[in-house]
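Our numbering puts the first residue of the sequence shown at -5, with every later residue one more than the last. Presented below is the structure to which this report refers.
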Amino acid sequence: MKLYSGIDLHSNNNYVGIIDSKEKKVFKKKLPNDMGEGNSKNGNKYLSWAYVEAVNAAKRDYSYVRRYYQKKMAKTNNVVAIKAISHKLARACYYIIKNQEVFNPQKAFG
């Protein structure tokens, strides 16, 4: 019986496997993600905290942030909704610094 090995590195399917000549899987193992398992350790925790606090303040003061938060809350839970807005603010800050432009909420919250 001939055995063939292969590595599948497509998107998040990091698998290594061995198949026989009839293309039947003999061995399959998922490789660890080098970017951080579950994304729990990526990023600066203090900066993340600051963005979450900015989201909480923005929810109180700006209707477009509140609308986006309520839309996300309908589909997910509180933490995911806040982190999604936090990510939007982080991206907006990056482009404000990069392009030297004024914040445009229409661009960020559509």
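A virtual CB, placed ideally from N, CA and C, is assigned to each residue, including glycine.
Query raised in the report: Hey, quick one: how far does the alpha helix (DSSP H) through E47 stretch, first residue to last?
Result: 39 to 55
Query raised in the report: Can you give the beta carbon distance from M58 to F103, rounded, assuming they're within the 8 Å contact cut?
Result: Inspection of the sequence shows that residue 58 is occupied by Tyr rather than by Met. Confirmed, about 5 Å.
Requested in this report: Go through its chain and collect everything with a Cβ distance to H81's Cβ below 6 Å, but skip five positions before and after it.
Outcome: none
Requested in this report: Assign K19 to one of three DSSP states: helix, strand, or coil.
Outcome: strand
Query raised in the report: Alpha carbon to alpha carbon, how far is A86 from Q100?
Result: 11 Å
**Report entry** Alpha-carbon to alpha-carbon, S15 and V49
**Finding:** 56 Å
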